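Student: Residue numbering for the sequence shown is 18 to 790, as defined by the working numbering. C-beta: ideal position from N, C-alpha, C; glycine also. All values derive from a computational prediction rather than experimental measurement.
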Amino acid sequence: MKNKKFTYRTLLCLALLFSYSCGIEKYIPEGEQLYTGATLDINSESEFQDGKEVKSELINLIEPNPNTKLLGMKPALFFHYKAQREKPGFLYKFLNKSFGEEPVYFSDVNPERVEELILNRLDNNGFFYSQSESETVIDEKFASVNYSAKLPAPYVLENYNLESDTLPMYKEIEKMLPETALKKGDRFDLDLLKAERARLNNALKQKGFYNSQEDLLIFEADTNQYKNRKFDLFLRLKKDVPSRASIPYKIDSITVYPNYSIEGDTLPFTKENVTQVDSIDFIQNELYFKPELLESYLLFNEGDLYDANTSKQTSSRLSALGSYKYVNIQYTELDTTATDGNGGTLAADIYLAPLTKRSIRAELQAVSRSNGYTGPGILLSHTNRNVFNGGETFSVSADFSYELQLSNSDSNLSSIAGGLSADLIIPRSIPFSPSRFKYAVPKTKISLGIDFLQRSDLFTLSSVNSSFGYTWKENQYVYHTLDPISINYSRLSNVTDEFQAILDDNEYLSQSFEQRFIAGLLYSFTYDEVSNLSKEKPIYFSTNFDLAGNALSLFSGGSSTIFGSEYAQYAKVDADLRLYLRWQKERTLVSRLYAGWGVPYGNSTTLPFVKQFYSGGPYSVRAFDIRSIGPGNFLPDTDDDTTDYYDQSGNLKLEANVEYRFPLFSYLKGAFFVDAGNVWLTGDYSSLIEDESTSTSSVSLFTDGKFEKDWLSEVAAGVGFGVRLDIQSFVIRLDLASPLRIPYLEENNRWNVPFFGNADNNMTLNFAIGYPF
Numbered sequence: 018m019k020n021k022k023f024t025y026r027t028l029l030c031l032a033l034l035f036s037y038s039c040g041i042e043k044y045i046p047e048g049e050q051l052y053t054g055a056t057l058d059i060n061s062e063s064e065f066q067d068g069k070e071v072k073s074e075l076i077n078l079i080e081p082n083p084n085t086k087l088l089g090m091k092p093a094l095f096f097h098y099k100a101q102r103e104k105p106g107f108l109y110k111f112l113n114k115s116f117g118e119e120p121v122y123f124s125d126v127n128p129e130r131v132e133e134l135i136l137n138r139l140d141n142n143g144f145f146y147s148q149s150e151s152e153t154v155i156d157e158k159f160a161s162v163n164y165s166a167k168l169p170a171p172y173v174l175e176n177y178n179l180e181s182d183t184l185p186m187y188k189e190i191e192k193m194l195p196e197t198a199l200k201k202g203d204r205f206d207l208d209l210l211k212a213e214r215a216r217l218n219n220a221l222k223q224k225g226f227y228n229s230q231e232d233l234l235i236f237e238a239d240t241n242q243y244k245n246r247k248f249d250l251f252l253r254l255k256k257d258v259p260s261r262a263s264i265p266y267k268i269d270s271i272t273v274y275p276n277y278s279i280e281g282d283t284l285p286f287t288k289e290n291v292t293q294v295d296s297i298d299f300i301q302n303e304l305y306f307k308p309e310l311l312e313s314y315l316l317f318n319e320g321d322l323y324d325a326n327t328s329k330q331t332s333s334r335l336s337a338l339g340s341y342k343y344v345n346i347q348y349t350e351l352d353t354t355a356t357d358g359n360g361g362t363l364a365a366d367i368y369l370a371p372l373t374k375r376s377i378r379a380e381l382q383a384v385s386r387s388n389g390y391t392g393p394g395i396l397l398s399h400t401n402r403n404v405f406n407g408g409e410t411f412s413v414s415a416d417f418s419y420e421l422q423l424s425n426s427d428s429n430l431s432s433i434a435g436g437l438s439a440d441l442i443i444p445r446s447i448p449f450s451p452s453r454f455k456y457a458v459p460k461t462k463i464s465l466g467i468d469f470l471q472r473s474d475l476f477t478l479s480s481v482n483s484s485f486g487y488t489w490k491e492n493q494y495v496y497h498t499l500d501p502i503s504i505n506y507s508r509l510s511n512v513t514d515e516f517q518a519i520l521d522d523n524e525y526l527s528q529s530f531e532q533r534f535i536a537g538l539l540y541s542f543t544y545d546e547v548s549n550l551s552k553e554k555p556i557y558f559s560t561n562f563d564l565a566g567n568a569l570s571l572f573s574g575g576s577s578t579i580f581g582s583e584y585a586q587y588a589k590v591d592a593d594l595r596l597y598l599r600w601q602k603e604r605t606l607v608s609r610l611y612a613g614w615g616v617p618y619g620n621s622t623t624l625p626f627v628k629q630f631y632s633g634g635p636y637s638v639r640a641f642d643i644r645s646i647g648p649g650n651f652l653p654d655t656d657d658d659t660t661d662y663y664d665q666s667g668n669l670k671l672e673a674n675v676e677y678r679f680p681l682f683s684y685l686k687g688a689f690f691v692d693a694g695n696v697w698l699t700g701d702y703s704s705l706i707e708d709e710s711t712s713t714s715s716v717s718l719f720t721d722g723k724f725e726k727d728w729l730s731e732v733a734a735g736v737g738f739g740v741r742l743d744i745q746s747f748v749i750r751l752d753l754a755s756p757l758r759i760p761y762l763e764e765n766n767r768w769n770v771p772f773f774g775n776a777d778n779n780m781t782l783n784f785a786i787g788y789p790f
């Protein structure tokens with residue numbers, strides 16, 4: 018009853034707040050009218066293509082925009098007015114800071130200027146001799162403007178031709194014209210002409226025309242040949258073009274300075290410091306980078322035509338080596354006359370300034386893991402760059418942490434974790450040549466590590482892992498990782514009676530810990546537009562494929578063990594899709610879909626413990642503790658003393674999230690979110706269910722956790738809000754969430770009123786480092 022009263026009072030306060038936001042007339046200063054917006058009416062003599070796009074383009078010219086409305090009201094403007102009072106109070110200061118807007122008055126509007134913009138844009142779109150008018154509607158406190166435009170039929174393209182000339186640039190342009198986007202019947206469009214000019218200039222710079230510029234290309238439209246609204250388009254070079262701009266250039270020489278100092282002078286050519294590889298001169302006082310290896314990263318050679326794209330790609334490849342902080346490719350014109358008909362020549366000088374060769378780093382960390390464990394940690398690392406004079410990076414790191422499972426308020430679990438690892442990154446794909454990869458050269462990575470994890474009063478888990486694989490970028494957004502060799506061996510020790518009781522009572526968990534040897538292939542694909550801040554609707558997609566045990570099955574002769582340890586056989590795949598919608602003031606709406614499925618086979622009946630899916634926690638369905646939901650509608654025996662150890666997992670996972678992010682104060686951000694998902698079991702566990710030695714808890718797990726056609730009724734859901742301290746991409750996050758749907762309750766009793774319902778653990782506070790997705 019108290020919760021209902023509280024809800025009613027909250028709704029009443031919100032209703033009063035919005036009713037007050039309707040009455041903003043009294044805040045408008047004397048002599049001012051609040052601008053309420055504008056309309057645009059378009060009258061055209063004839064039908065034409067892209068009518069909606071043209072109108073949308075014209076509407077975008079109407080300025081300024083009026084104050085935003087919500088359900089016919091202007092709450093953002095109301096918050097601003099309230100915050101201007103002598104004593105506005107904390108609430109209105111906060112609302113104005115987060116959502117408030119400055120008022121837009123009619124005195125800020127210039128209808129004549131908008132009319133000029135409309136006419137100019139219509140001319141640019143081929144509607145020459147258009148007319149534009151405006152009518153102002155004003156009452157005591159409000160004002161609006163009605164714009165109208167009268168459009169004649171647009172001019173359309175009949176022919177697109179290139180003027181003839183003997184300059185080499187004309188010959189190249191003639192070859193490029195068939196690829197134009199300009200077609201007969203197209204409406205005159207200045208933006209299309211600019212795009213065509215940019216296309217031609219970019220193509221010329223890839224054909225040797227080092228001094229080509231867009232403004233050298235001139236378009237002329239001729240309407241005199243037609244009585245109706247048609248035009249011929251002619252392309253030519255502007256008059257008095259310098260000869261150096263109209264001829265192609267070849268690369269006459271290439272000089273590389275692998276150990277260049279920004280402060281120092283360029284080294285002279287001497288026999289002692291010059292090494293020549295395939296006509297390329299490498300100048301360095303002492304060997305810093307092996308010339309024969311560095312040469313393979315250059316995409317152009319002596320005698321090649323200058324190509325701006327190839328030059329840019331070469332610079333990117335050299336930067337990606339990880340050995341240089343500064344890469345600069347400079348071209349010097351040697352011959353600007355085309356006396357022999359072959360054009361001019363260029364000297365290419367490549368200056369490479371190395372990074373510091375060795376570095377030591379120590380970090381104090383706040384560790385927040387996906388399983389809910391949080392605590393302090395320390396990381397020590399040593400890095401040696403260009404260790405074998407071929408751009409190789411060798412690093413050794415050691416870490417140690419002490420963590421508590423804060424997300425589970427009923428648990429006293431803690432852990433001590435540590436490890437030692439060594440990585441060798443080679444900036445080329447062994448055994449493939451770098452020249453085969455145009456955008457970026459794959460890196461070969463060899464890793465070896467030792468880790469241990471001690472869970473208080475439960476167990477100690479030690480592991481050794483090693484991998485050999487490749488990472489590479491296909492283009493600006495696509496990233497690949499391939500580990501054809503990935504090995505992990507784990508050993509469970511110091512098992513307490515409490516944890517042994519958990520294993521005895523959970524056949525699924527017990528079998529997953531028995532698979533101590535994992536060897537297989539890993540591949541991941543990532544498409545990521547999020548880092549491009551200019552995109553308003555970026556997309557992120559990643560998928561991972563994990564296949565283990567096939568090669569070991571051959572080596573072991575069909576045995577389920579190798580080197581005395583049972584090995585795992587399974588195939589696992591997952592996919593993560595995120596859609597972002599960005600707009601003003603750092604506001605972002607993020608939606609996410611995740612699906613993962615693992616199938617054990619051969620000598621495995623379950624996935625290994627470290628490969629299983631789980632749900633709940635600060636990076637999943639935040640209204641539930643880590644690993645506290647699933648599989649399906651399974652509910653552990655609450656009378657069992659071991660239930661503090663949450664380990665509810667499965668081999669199938671489905672999850673969806675929506676989060677709205679917005680700024681609060683400076684580095685402090687806020688968020689509202691909705692999460693949904695669960696894990697399930699797939700496969701045939703009938704033999705275990707029918708086995709009389711299988712515990713009652715395990716039978717319940719296999720039956721309640723099975724993925725069936727009514728899976729949607731077993732989806733857990735929650736809502737919440739959070740605050741995040743975001744300092745230059747270092748994020749400390751607090752999210753408070755509450756269940757909306759609880760899958761392990763009776764089917765007709767699974768819905769819950771968030772924060773005010775009667776469900777157990779109706780609020781969960783999540784502390785984490787970084788954004789959830």
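From the DSSP output, in three-state form, read off Asn218 for me.
Tutor: Asn218 falls in the helix class under three-state DSSP.
Student: Just verifying my parser: in three-state terms, what is the DSSP assignment at Gly68?
Tutor: In this structure, Gly68 counts as helix in the three-state DSSP scheme.
Student: Pull up the distance between the alpha-carbon of Lys686 and that of Phe679, whole angstroms please.
Tutor: If you take the alpha carbons of Lys686 and Phe679, they lie about 6 Å apart.
Student: Which of the three DSSP states is assigned to Ala733 in this structure?
Tutor: Correct three-state label for Ala733: strand.
Student: I'd like the list of long-range same chain contacts for Tyr496, defined as Cβ closer than 6 Å, with 5 residues on each side in sequence excluded.
Tutor: Counting only Cβ-Cβ distances below 6 Å, and skipping sequence neighbours, we find Lys490, Thr543.
Student: If I'm right that Gly225 touches Gly360 with Cβ under 8 Å, what's the distance once you round it to whole angstroms?
Tutor: The pair is a contact, with the Cβ atoms about 6 Å apart (cut-off 8 Å).
Student: From the DSSP output, which residues share a beta bridge with Ser507?
Tutor: Paired residues: Ser480.
Student: Assign Gln7 to buried or exposed, taking buried as 16 or more other Cβ atoms, counted over all protein chains shown, within 10 Å of its Cβ.
Tutor: This structure gives no information on residue 7, because the portion of the chain shown stretches from 18 to 790.
Student: If I measure Cβ to Cβ from Val258 and keep anything under 7 Å in the same chain, skipping five residues before and after, which residues do I get?
Tutor: These residues qualify, in order along the chain: Leu233.
Student: To the nearest angstrom, report how far apart Tyr266 and Leu671 are at their CA atoms.
Tutor: Tyr266 and Leu671: Cα-Cα distance of roughly 57 Å.
Student: So Gly248 packs on Tyr172, CB below 8 Å; how close in whole Å?
Tutor: According to the sequence as given, residue 248 is Phe; it is not Gly. Confirmed, Cβ separation roughly 5 Å.
Student: With three or more C-beta pairs closer than 8 Å as the rule, is the region 179-189 touching the region 236-256?
Tutor: As far as the Cβ criterion goes, the region 236-256 touches the region 179-189, which means the pair count is three or higher.
Student: Is it buried or exposed for Val126, if we count other Cβ within 10 angstroms and need 16 for buried?
Tutor: Result: buried.
Student: Does the beta-carbon of Trp600 have 16 or more other beta-carbons within 10 angstroms, so that it is buried, or is it exposed?
Tutor: Counting Cβ neighbours within 10 Å, Trp600 comes out exposed, since fewer than 16 surround it.
Student: With DSSP run on the structure shown, which of helix, strand or coil describes Thr814?
Tutor: This structure cannot speak to residue 814, because the chain is shown only from 18 to 790.
Student: What's the C-alpha gap between Gly634 and Arg758?
Tutor: Distance between the alpha carbons of Gly634 and Arg758 is about 15 Å.
Student: Applying the criterion that 16 or more other CB atoms from any shown protein chain within 10 Å of the CB defines a buried residue, is Phe747 buried or exposed?
Tutor: By the neighbour-count rule (16 or more Cβ atoms within 10 Å), Phe747 is not buried but exposed.
Student: Cα separation between Ile786 and Phe738?
Tutor: Going from the Cα of Ile786 to the Cα of Phe738 covers about 16 Å.
Student: How about Pro760 and Asn668: do their beta carbons lie closer than 8 Å?
Tutor: Their beta carbons are not under 8 Å apart, which means Pro760 does not touch Asn668 by this criterion.
Student: Any chance the region 43-52 sits against the region 150-168, with 3 or more Cβ pairs inside 8 Å?
Tutor: Segments in contact, yes.
Student: Considering only residues of the same chain and omitting the five flanking positions on each side of Lys114, which have a CB-CB separation below 7 Å?
Tutor: For Lys114, where only same-chain residues beyond five positions count, the Cβ hits under 7 Å are Phe682.
Student: Grab me the residues of Leu559's own chain with a C-beta within less than 7 Å of its C-beta, minus the 5 sequence neighbours each way, in chain order.
Tutor: The displayed chain sequence assigns Ser, not Leu, to residue 559. Once the five neighbours on either side are set aside, the close Cβ partners of Ser559 are Ser541, Phe542, Thr543, Asp593.
Student: Assign Asn775 to one of two classes, buried (16 or more other C-beta atoms within 10 Å of its C-beta) or exposed (fewer than that).
Tutor: Answer is exposed; the Cβ neighbour count stays below 16.
Student: If you drop the 5 nearest sequence neighbours on each side, which residues of the same chain put their C-beta closer than 6 Å to that of Leu437?
Tutor: If we look at Leu437 and ignore the five residues flanking it on each side, its Cβ neighbours are Ala415, Ile467.
Student: Just to confirm my understanding: we take Ile442, look at its own chain, exclude 5 residues before and 5 after, and list those with CB closer than 6 Å. What are they?
Tutor: Same-chain partners within the cutoff: Thr410, Lys460, Lys462.
Student: Nearest-angstrom Cα distance between Ser431 and Tyr419?
Tutor: Using only the alpha carbons, I get a separation of about 7 Å.
Student: With a threshold of 16 other CB atoms inside 10 Å of the CB of Ser73, please say whether the residue is buried or exposed.
Tutor: Ser73 should be labelled exposed.
Student: Does the region 523-532 come within contact of the region 621-638, defined as at least 3 CB pairs closer than 8 Å?
Tutor: Touching, yes.
Student: For Arg507 and Ser479, which I take to be in contact (beta-carbon distance under 8 Å), what is that distance rounded to the nearest angstrom?
Tutor: Checking the displayed sequence, the identity of residue 507 turns out to be Ser instead of Arg. Right, their Cβ atoms sit about 7 Å apart.
Student: If you check the beta carbons only, do Ser260 and Met186 fall under 8 Å apart?
Tutor: No. Outside cutoff.
Student: DSSP three-state label for Ile79, please.
Tutor: In the structure shown, Ile79 sits in coil (DSSP, three-state: anything other than H, G, I, E or B).
Student: Between which two residues does the beta strand (DSSP E) containing Leu594 stretch?
Tutor: That run of the beta strand (DSSP E) goes 587-600.
Student: Tell me the residue span of the alpha helix (DSSP H) that contains Glu118.
Tutor: Neither: Glu118 is in no alpha helix (DSSP H) and is coded neither H nor E.
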